[in-house]
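Top to bottom, those sequences are chains A, B and C. All letters in the first sequence, in the order written, are residues 1 to 405 by this note's numbering. All letters in the second sequence, in the order written, are residues 1 to 180 by this note's numbering. All letters in the third sequence, in the order written, are residues 1 to 166 by this note's numbering. From the three backbone atoms N, C-alpha and C, an ideal C-beta is built for every residue, glycine too. Report on the structure given below.
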Amino acid sequence: MPAAEATLEQRSQEQDYLWTLNFGPQHPATHTTLRLVLKLDGERVVDAIPDIGYLHSGFEKIGEHLDYNQYVTVTDRMNYISPLANNVAWHGAVEKLLGIEITPRCKYIRTIIAELARISDHLLSTGAMGLDTGAFTFFLYAFYQRERLYDIFETLCGARFTNSYTRVGGVMHDITSLVVQKIRTFVKTFPETLNDMEKLVNRNRIFVDRMKGVGLLSKEEATNMSATGPVARASGVTRDLRKDEPYLAYADFDFNICCAKAGDCFARYYVRMAEMRESLRIVAAAIENIPSGPANVGVDERTALPSKQQVYQTIEGTITHFELVMQNRGFTVPSEETYAAIEAPNGELGFYLAGDGSNVAYRARCRAPSFIHFALFPQLIRGHTLSDVVAVLGSLNIIAAELDR
Amino acid sequence: MAIELPDNVVVTKLDELASWCRKNSLWPMPFATACCGIELMATGASRHDLARFGAEVFRFSPRQCDLMIVAGRVVMKMLPVLQRIWQQMHEPKWCISMGACASTGGVFDTYCVVQGIDRFIPVDMYVPGCPPRPEQLIQAIIDLQDKIQREGTISGAEFETAQRQMTKRALQELPMYGRA
Amino acid sequence: MPAKPETIAALQAKFAGFSVSEFRGDTRFAVPKDSLLTVMQHLKSDGKFDLLVDVTCVDYLNYRDARDRFGLVYLLANTITNERLTVRCFLNEPDLTVPSMVPLWGGSNWLEREVYDMFGIIFDGHPDLRRILMPDEFAAFPLRKDYPLQGRGERHNFPVLKRNQA
Numbered sequence: 001m002p003a004a005e006a007t008l009e010q011r012s013q014e015q016d017y018l019w020t021l022n023f024g025p026q027h028p029a030t031h032t033t034l035r036l037v038l039k040l041d042g043e044r045v046v047d048a049i050p051d052i053g054y055l056h057s058g059f060e061k062i063g064e065h066l067d068y069n070q071y072v073t074v075t076d077r078m079n080y081i082s083p084l085a086n087n088v089a090w091h092g093a094v095e096k097l098l099g100i101e102i103t104p105r106c107k108y109i110r111t112i113i114a115e116l117a118r119i120s121d122h123l124l125s126t127g128a129m130g131l132d133t134g135a136f137t138f139f140l141y142a143f144y145q146r147e148r149l150y151d152i153f154e155t156l157c158g159a160r161f162t163n164s165y166t167r168v169g170g171v172m173h174d175i176t177s178l179v180v181q182k183i184r185t186f187v188k189t190f191p192e193t194l195n196d197m198e199k200l201v202n203r204n205r206i207f208v209d210r211m212k213g214v215g216l217l218s219k220e221e222a223t224n225m226s227a228t229g230p231v232a233r234a235s236g237v238t239r240d241l242r243k244d245e246p247y248l249a250y251a252d253f254d255f256n257i258c259c260a261k262a263g264d265c266f267a268r269y270y271v272r273m274a275e276m277r278e279s280l281r282i283v284a285a286a287i288e289n290i291p292s293g294p295a296n297v298g299v300d301e302r303t304a305l306p307s308k309q310q311v312y313q314t315i316e317g318t319i320t321h322f323e324l325v326m327q328n329r330g331f332t333v334p335s336e337e338t339y340a341a342i343e344a345p346n347g348e349l350g351f352y353l354a355g356d357g358s359n360v361a362y363r364a365r366c367r368a369p370s371f372i373h374f375a376l377f378p379q380l381i382r383g384h385t386l387s388d389v390v391a392v393l394g395s396l397n398i399i400a401a402e403l404d405r
Numbered sequence: 001m002a003i004e005l006p007d008n009v010v011v012t013k014l015d016e017l018a019s020w021c022r023k024n025s026l027w028p029m030p031f032a033t034a035c036c037g038i039e040l041m042a043t044g045a046s047r048h049d050l051a052r053f054g055a056e057v058f059r060f061s062p063r064q065c066d067l068m069i070v071a072g073r074v075v076m077k078m079l080p081v082l083q084r085i086w087q088q089m090h091e092p093k094w095c096i097s098m099g100a101c102a103s104t105g106g107v108f109d110t111y112c113v114v115q116g117i118d119r120f121i122p123v124d125m126y127v128p129g130c131p132p133r134p135e136q137l138i139q140a141i142i143d144l145q146d147k148i149q150r151e152g153t154i155s156g157a158e159f160e161t162a163q164r165q166m167t168k169r170a171l172q173e174l175p176m177y178g179r180a
Numbered sequence: 001m002p003a004k005p006e007t008i009a010a011l012q013a014k015f016a017g018f019s020v021s022e023f024r025g026d027t028r029f030a031v032p033k034d035s036l037l038t039v040m041q042h043l044k045s046d047g048k049f050d051l052l053v054d055v056t057c058v059d060y061l062n063y064r065d066a067r068d069r070f071g072l073v074y075l076l077a078n079t080i081t082n083e084r085l086t087v088r089c090f091l092n093e094p095d096l097t098v099p100s101m102v103p104l105w106g107g108s109n110w111l112e113r114e115v116y117d118m119f120g121i122i123f124d125g126h127p128d129l130r131r132i133l134m135p136d137e138f139a140a141f142p143l144r145k146d147y148p149l150q151g152r153g154e155r156h157n158f159p160v161l162k163r164n165q166a
């Protein structure tokens, strides 16, 4: 891209022994389409200029044309490693704008699926960190566990991933006993795999040498550069929206926030492994205590589709069904703007919504953690070698679709 | 480019032999951009193992591959990169367009997403789905292997036919509906 | 969490006349463009809002009863007391220049570049204001309401490669 090279030229007129390497949009590291223009002095990285936009698909503009229940399918495709977390975030923001209070059962269901999505995301992110540094078996262990999670999601809603499971006012289908059984089995057998995975790399000389001391991020830098989630917590920032601004059913559970002080790649890896164990604790406690009752809000709210029995036997059910299904009807939304965020596996994922009375959002802005974290990359990599580029990129867990939206 | 051989029986058997060799060792070049990339990785992982079908190594270098699997949406900034990588691959080469976004633009009918890579690259196999299950991708590779066996020649003459040279269009151009 | 009453009172004491409102637990503070930098400096140093969560913009062209065309949104958070604050700044054409927040919060670098790329708002004092998501030669600002969803033909303006063509 001409402008990236022009900036590099300006910065290093006198340094002609440096050479430029294009870590192009197509590269073997598993973080898909992003481009880095690296200025190298032999093997040392002197400067790195990121160039993004290779997966920009106009998500925010689509949000102005699809209604609140249709857009959830598009939010799946943002952080596609943990699509259920994006669904929960989107509908959390829509329900905040509409002022709907969801049922206790729905809160528990959404908490469970958000935590399973967190486990799925961290498995892939640590797996990719392992793969990029050469630990292929570690990656395969992680992928096998993700296949088991895909089995659970498939039993829940029919799709392995990109499951648009939440709806305004509730969820698509209520949770069944088969899903509960599968989650119980998963909870019982998962810690053993985590132990196996840790045995492979935690004390492995190659992995530790490649990750310790690389990509240091201090606590003040993290907050100044708007980092959130595991990236910030590995530098000592003790902020976790599940404890600081409890949403859904997190206030009912006893779990710890995982932080580290070092701020290097190994700390970010370790925080993610520890968070998986904490998530498993939340799922284990939640799955035994799901409140009974309806999963969707009642017909008076006029937002969620009522059950067929209500549609055929009560007048309110029939009216609500008609209002929601017929075109150009649907629920009315206040002409106001609001922001709601959740603690997604990657950081703070929030949606800034502007409603204008109709059932289509006027503005749907997604605050994507990967976008904010990739801006950190140049300062993290300065002074390290070329082989550390992949390690640092992996530890930030950049998902290109969330980066570019 | 190719070996100039006369058409006779020996050559037909050579064609079958060459096609058999090529189809059973298709080395994929994963052009994974988005969600379909994860299903592509899952197809290569342990449960649905793509290596059983000869696609043993996912070489990320176009110079060493013969099958480009475009998995995920291709946006206007990425299309010149896709074309350059296609040009860098050696003949004989095939292309699988995996997923709805690569085949037709998918959910994203927006100002920046290319509505189907077959507008700009010759595609041999389309895999529908959003994302397609790994079993569907494996079926596509098996179907492509059958296609190579049926039509393959040792000299690559199957790529010169008029049918292959025609620019295909998966869907007709739709008028623009809705709000502008 | 909405901003505490003490914070709001301190803000209103210092910047009298700027409106403060609340909706569903969000505290919003509307600031005219000329005092934006002073307000933000005060919020960072005295109000201790150390985390800039997001910078974005809304185009009110098709909004009923809209007074201004663009509304800039700054979402701030205080990591110690967990308060959140939304600062709004309304802009009209042709004067779409705002001071940049990069000296205060480093995270606003890429966020402001994205607002420039999508809406065309110029940030005065930004170290590197160029397009971030769209290609550099792209001529329009895509998220404005007068730009159509399917674009104006830029997405298919490429050469076609056929078989056996180098």
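query: Can you say whether residue 326(A) is buried or exposed, counting buried as having 16 or more other CB atoms within 10 angstroms of its CB?; result: exposed
query: According to DSSP, is residue 90(C) helix, strand or coil?; result: strand
query: For residue 120(A), decide whether its Cβ has a neighbour in chain B, counting only Cβ atoms nearer than 8 Å.; result: no
query: Would residue 69(C) pass as a contact of residue 31(C) if the rule is Cβ separation under 8 Å?; result: no
query: Closer than 9 Å between beta carbons: that is the criterion. Which residues of the region 44-71 of chain C meet it against chain A?; result: 50, 51, 52, 53, 54, 56, 57, 58, 59, 60, 62, 63, 64, 65, 71
query: Any C-beta of chain C within less than 9 Å: which residues of the region 120-134 of chain B qualify?; result: 120, 121, 122
query: Taking only the alpha-carbon atoms, compute the straight-line gap between residue 20(A) and residue 37(A) and give it to the nearest angstrom.; result: 7 Å
query: Can you list the alpha helix (DSSP H) stretches of 4 or more residues lying completely in the region 89-177 of chain A, in chain order?; result: 104-132, 136-157
query: What residues in its chain sit with their C-beta under 7 Å from that of residue 318(A), if we drop five residues either side in the sequence?; result: 311
query: Below 9 Å on C-beta distance, what does residue 182(B) contact in chain A?; result: Nothing can be reported for residue 182(B), as the shown portion of chain B is limited to 1 through 180.
query: Give the residues of chain C in contact with residue 73(B), contact being defined as C-beta atoms less than 7 Å apart.; result: Neighbours of residue 73(B) on chain C: none; closest Cβ ~11 Å, over 7 Å.
query: Rounded to a whole number of angstroms, what is the C-alpha to C-alpha distance between residue 146(B) and residue 134(B)?; result: 19 Å
query: Hey, quick one: how far does the beta strand (DSSP E) through residue 122(C) stretch, first residue to last?; result: 122-124
query: Can you grab the Cα-Cα spacing for the pair residue 170(B) / residue 121(B), in whole Å?; result: In this predicted model, residue 170(B) has a pLDDT of only 48, less than 50, meaning its place in the structure is not dependable; the value taken from the coordinates is given anyway. Distance between the alpha carbons of residue 170(B) and residue 121(B): 12 Å.
query: Rounded to a whole number of angstroms, what is the C-alpha to C-alpha distance between residue 133(A) and residue 66(C)?; result: 54 Å
query: Buried or exposed for residue 53(C), please, with buried defined as at least 16 other CB atoms from any protein chain shown within 10 angstroms of its CB.; result: buried
query: Buried or exposed, going by whether 16 or more other CB atoms sit within 10 Å of the CB of residue 64(B)?; result: exposed
query: Which residues in chain C sit within 7 Å of residue 65(A), going by Cβ to Cβ distance?; result: 149
query: Applying the 10 Å Cβ sphere with the 16-neighbour rule, what's the burial state of residue 69(B)?; result: buried
query: At the 8 Å Cβ level, is residue 63(B) part of the contact set with chain C, yes or no?; result: no
query: Going along chain C, which residues have a C-beta under 8 Å from residue 113(B)?; result: 155
query: Report the partner residues of residue 408(A) according to the DSSP bridge assignment.; result: Nothing about residue 408(A) can be read from this structure; chain A reaches only from 1 to 405.
query: Using only alpha-carbon positions, find the residue among 106(C), 39(C), 161(C), 80(C) that is nearest to residue 128(C).; result: 106(C)
query: Using 8 Å as the cut-off, can you tell me whether the region 140-150 of chain A makes contact with the region 33-51 of chain B, which would need three or more C-beta pairs spanning the two stretches below that distance?; result: yes
query: Can you tell me which of 214(A), 399(A), 252(A) puts its alpha carbon nearest to the alpha carbon of residue 268(A)?; result: 214(A)
query: Looking at the C-beta of residue 159(B), does it have a partner C-beta in chain A at a distance below 8 Å?; result: no
query: Nearest to residue 372(A) by CA position, among 52(A), 43(A), 47(A), is which residue?; result: 52(A)
query: List the endpoints of the continuous beta strand (DSSP E) containing residue 56(C).; result: 51-59
query: If you follow the alpha helix (DSSP H) that residue 109(C) is in, where does it begin and where does it stop?; result: 108-119
query: Could you tell me whether the Cβ atoms of residue 72(C) and residue 98(C) are closer together than 8 Å?; result: yes
query: Taking only three categories from DSSP, how would you classify residue 245(A)?; result: coil
query: Could you give the first and the last residue of the continuous alpha helix (DSSP H) run that contains residue 125(B)?; result: First-last for residue 125(B): 125-127, but that is the beta strand (DSSP E), not the alpha helix (DSSP H).
query: Give a yes or no on whether the minimum CB-CB distance between residue 17(B) and chain A is below 8 Å.; result: no
query: Report yes or no: do three or more beta-carbon pairs, one from the region 29-40 of chain B and one from the region 70-80 of chain B, lie closer than 8 Å?; result: yes
query: Give a yes or no on contact between the region 40-48 of chain A and the region 46-60 of chain B, applying the rule of three or more CB pairs nearer than 8 Å.; result: no
query: Which residues of chain A have a Cβ atom closer than 7 Å to the Cβ of residue 82(C), listed in chain order?; result: 244, 245
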